[in-house]
Structures are given as structure tokens and as C-alpha cells.
Amino acid sequence: MKENIAPEPIPEEIAIQICQQIRENNQHKRISFSKMQCWGCMKFSDFENRGSCIYGDPETLRGCQLVNKVFDTMEKNE
């Protein structure tokens, strides 16, 4: 039987930095799922980091799948 291992929490500074990096990368795209996801997140959080998706899980800051994916890739490469 597989053991459920909780994902590692993302430090707040790193989560915000990754979020900003993803949004900057999306600015150059004409249209994409990640661009639409970021637009919705920022629109409904009134463009405040504290209201963004990363705070959907306030204990681990793993509320945004885009940030989670980048962070997990960074962790594997270290």
C-alpha cells in the first residue's frame, strides 16, 4: 500500500517570487491556460498577493498548481 506523503510547504517569499515569474512569462503569450488562470487569480484577488491562489492553502502555500509545479521541479533539480 502506498503511503501518503504530504507535499513540502513552499516558503512564502519563494511562492510569491514564482508567482510573479509565471505572470511575467505569461505576458508574452497571446493566449494560454496558465495566462487565463493567472488573470482570473489576480482579478478576483484585486491584484493583491495576499488574496491570490497561493494562499488557498495558507499553511503550505500550495493553492496554485502552476506555482506548485515550478517549485516541485526546482526541488527535484537540487
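Numbered by the working numbering, the letters in the sequence shown go through residues 1496 to 1573 in order. Even for Gly, the Cβ is constructed at its ideal location relative to N, Cα and C.
At which residues does the alpha helix (DSSP H) containing Lys1538 begin and terminate?
Phe1528 to Phe1539
Cβ of Ser1529 within 8 Å of Cβ of Leu1561?
yes
Buried or exposed: which applies to Ala1501, given that a residue is buried once 16 or more other Cβ atoms fall within 10 Å of its Cβ?
exposed
For my contact list, Glu1503 and Glu1570 are in at a C-beta cut-off of 8 Å; report their separation, rounded to the angstrom.
7 Å
Return the CA-CA distance between Glu1507 and Glu1519, expressed in angstroms with no decimal places.
Cα atoms of Glu1507 and Glu1519: separation of roughly 18 Å, rounded to the nearest angstrom.
To the nearest angstrom, how far is it from the Cα of Gln1532 to the Cα of Thr1555?
20 Å
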